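As structure tokens, the structure follows; a few thoughts come after it.
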Amino acid sequence: MMEQSKQIQLLLRDGPVPQAFIVDLIATDTIGSIKTKLAQQCGISTELMKIVFCGRCLNENTTVDSLFLGPLTNLTVLISKVAKPSRAVDESWELVEPANVKSLYEDQTNESHSSFYVYCKKCKKMRRGKLRAYCAKCDSSAIMFVNQPNDWPDLGYKTHGAPERNRIKADCDDCGSKSENVRFIFKCTCCGEEATPLTHIRKNVDSLPCVICGEISNLFVSLYNCPHATCNDCFTAYCEQVHNQQNFVRKPSIGFTVACPVTGCSGCVSDVHHFYLLGKEGYERYQKSAAEMFFVQQTLRQYCPNPDCGAAFTLDEADNDEQEKMILCPECSKLYCRFCQSLSACRCNEQSNDENLKTIKRISKPCPNCGAPTERDGGCAHVRCLVCKAEWCHVCSSLWSDNCQWDHWFE
């Protein structure tokens, strides 16, 4: 049975105008066999050919399948004036992780694996990713790196603790630019759509056990500044729990994020795009929760009292006039009093007969930090405010201290 044949376009650059050649492919084709097929069409020796892709010269033994080429992708063929001896190693590059961490970019000659992972919005799931490089000036892929990327910031992706850099340069064969900036993008290997890289997802080459379930999986999540490994399933379930309990941590330059599941570890999710692993709705829920937690910490914060809304927003300085009691919610367009929280009309000067308000005041106590009414339904006196996350004592209504712990923890 014959293998299914495909085709690829090769752009031969041996003059001012590139020549296009179509070559038939089979699944086992390598760069060396592609050169042989091209030589039969153009009459140029394979020893003079140099096939370039994604800023690097491809090795003779590199399989075409390992490049994850899309249907519209072409390869650039440069012609040398003098034949050069073939090299035994692949002139590729890899991302080198700091301090004894395995590289994210494994040997490109492994045709069945990609060490990059992305979240594809079109596929709505995590997929293997492919990295592509283009000239920042003319957007051509016919480039050769002057210096090669070693880590995520080199690709233009800011990671916690490492500033974004733009130091990678390349020579472009199309526009003739020398040492031009390079634009990097990631694509889904399944659908070819541009996708967001998931920098915490790694291959488990060291067979590390998950700190939650103890199992060893092929992939694991490695957080910034953290030695612990978590399998994808446990990481997703853990993030769900953190989101449901609003138990985020706030980190400078990141904002509200998820900490390592190991108590006392300083590791955290440095790129919140990883919350896409919870699905689109889960990611949007994270964005809303993080925004509301940020608003809680602002002096001009407001929460709409409409039970069908509850939107969090901040007042502009111009609107922060205490003489103006009524506020219009930007989400549901309902008016309410900023002081008594009554809808439609202010009741600050009235004797309230609202049984609900009376009940709330009777069964709850205000948080000493933010004033949010909190009901204690069993358990110890040590409570945690769901709004501002302050820990306080439900007996003496003060922030939790050693005195509370020893005097009336179980009252």
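According to our numbering, the sequence shown is numbered sequentially starting from 3. Glycine included, C-beta positions come from ideal geometry on N, C-alpha and C. Given the structure is predicted, the values throughout are model-derived calculations rather than measurements.
Could you tell me whether the Cβ atoms of F222 and C233 are closer together than 8 Å?
-> The count along the sequence shown starts at 1 and reaches residue 222 at position 220. The count along the sequence shown starts at 1 and reaches residue 233 at position 231. Contact flag set, yes.
Using 10 angstroms around the beta-carbon of M128, count the other beta-carbons present and answer buried if the total reaches 16, otherwise exposed.
-> Along the sequence shown, read from residue 1 onward, the residue named residue 128 stands at position 126. Buried, since its Cβ has 16 or more Cβ neighbours within 10 Å.
Beta-carbon proximity list for V271, same chain, < 7 Å, skipping 5 on both sides = Reading the sequence shown from its first residue, position 269 is the one you call residue 271. Same-chain partners within the cutoff: H202, L225, T259, V260.
Mind reading off the beta-carbon distance from I28 to E62? Whole number of angstroms is fine, and I expect it under 8 Å.
-> Taking the sequence shown and counting its residues from 1, one reaches residue 28 at position 26. Taking the sequence shown and counting its residues from 1, one reaches residue 62 at position 60. No, I28 and E62 are not in contact; Cβ-Cβ is about 17 Å, not under 8 Å.
N- and C-terminal bounds of the beta strand (DSSP E) containing V223 | Locating residue 223 in the sequence shown gives position 221, where the first residue counts as 1. Note, V223: beta strand (DSSP E), 221-223.
Can you name, in chain order, every residue of its own chain whose Cβ lies under 7 Å from the Cβ of V213, other than the five neighbours on each side?
-> The residue given as residue 213 occupies position 211 in the sequence shown. Result list for V213: H230, A231, T232, P263, V264, in chain order.
With a threshold of 16 other CB atoms inside 10 Å of the CB of C350, please say whether the residue is buried or exposed.
-> As a first step, residue 350 is located in the sequence shown; it is residue number 348 there, counting from the start. Classification of C350: exposed, given that the 10 Å Cβ count is below 16.
Residues sharing a beta bridge with C122, DSSP = For the purposes of this step, residue 122 is taken as the residue at position 120 of the sequence shown. Answer is K127, bridged to C122.
Locate the beta strand (DSSP E) running through Q11, then write down its first and last residues.
-> Numbered from its first residue, the sequence shown carries residue 11 at position 9. Unbroken beta strand (DSSP E) run through Q11: 8-15.
Please report the Cβ distance between I38 and T30, rounded to the nearest whole angstrom; I am assuming they are in contact, meaning their Cβ atoms lie under 8 Å.
-> Sequence index remark: in the sequence shown, residue 38 carries index 36 (1-based). Sequence index remark: in the sequence shown, residue 30 carries index 28 (1-based). Reading off the sequence shown, one finds Thr at residue 38, where the question assumed Ile. Contact flag wrong, Cβ pair sits at about 13 Å.
Among M51, V79, W402, C228, which residue has its Cα nearest to the Cα of C267?
-> Your numbering for residue 267 matches position 265 in the sequence shown. Per the Cα distances, C228.
Assign G158 to one of three DSSP states: helix, strand, or coil.
-> Position 156 of the sequence shown, counted from the first residue, corresponds to residue 158. Of the three classes helix, strand and coil, the one that applies to G158 here is coil, per DSSP.
Could you check what DSSP says for K378 in three-state terms: helix, strand or coil?
-> Mapped onto the sequence shown, residue 378 falls at position 376. Looking at the sequence itself, residue 378 is Arg, so the reference to Lys does not match. DSSP places R378 in coil when its eight states are reduced to three.
Length at least 3, wholly inside the segment 175-218: the beta strand (DSSP E) runs in chain order = DSSP runs (the beta strand (DSSP E)) wholly in the segment 175-218: 182-190, 203-205.
Measure the CB-CB distance between K132 and K189 and report whether it falls below 8 Å.
-> Against the sequence shown, residue 132 aligns to sequence position 130. Against the sequence shown, residue 189 aligns to sequence position 187. Their beta carbons are under 8 Å apart, which means K132 touches K189 by this criterion.
Residues that F23 bridges to, as DSSP identifies them = Translated into positions along the sequence shown, residue 23 becomes position 21. Bridge partners of F23: L12.
Report the rounded CA-to-CA distance for Y278 versus A347, giving the unit in angstroms.
-> Walking along the sequence shown from the start, residue 278 turns up at place 276. Walking along the sequence shown from the start, residue 347 turns up at place 345. If you take the alpha carbons of Y278 and A347, they lie about 42 Å apart.
Residue interval of the alpha helix (DSSP H) (run including K37) | Locating residue 37 in the sequence shown gives position 35, counting from the first residue. Element bounds for K37: 33-44.
Spatial distance of Y288 from Q304 (CA atoms) = Taking the first residue of the sequence shown as 1, we reach residue 288 at position 286. Taking the first residue of the sequence shown as 1, we reach residue 304 at position 302. The straight-line gap from Cα to Cα measures roughly 19 Å.
Quick one: Cα of V385 to Cα of W408, how far?
-> Residue 385 sits at position 383 when you count from the first residue of the sequence shown. Residue 408 sits at position 406 when you count from the first residue of the sequence shown. Using only the alpha carbons, I get a separation of about 15 Å.
So does E217 have its beta carbon nearer than 7 Å to some heavy atom of the ligand MN?
-> As presented, the structure is devoid of all ligands, the ligand MN included, so that no description of it is given.
Opposing strand residues paired with T259 [DSSP bridges] = Taking the first residue of the sequence shown as position 1, residue 259 is located at position 257. According to DSSP, which records beta bridges pairwise, T259 is partnered with V251.
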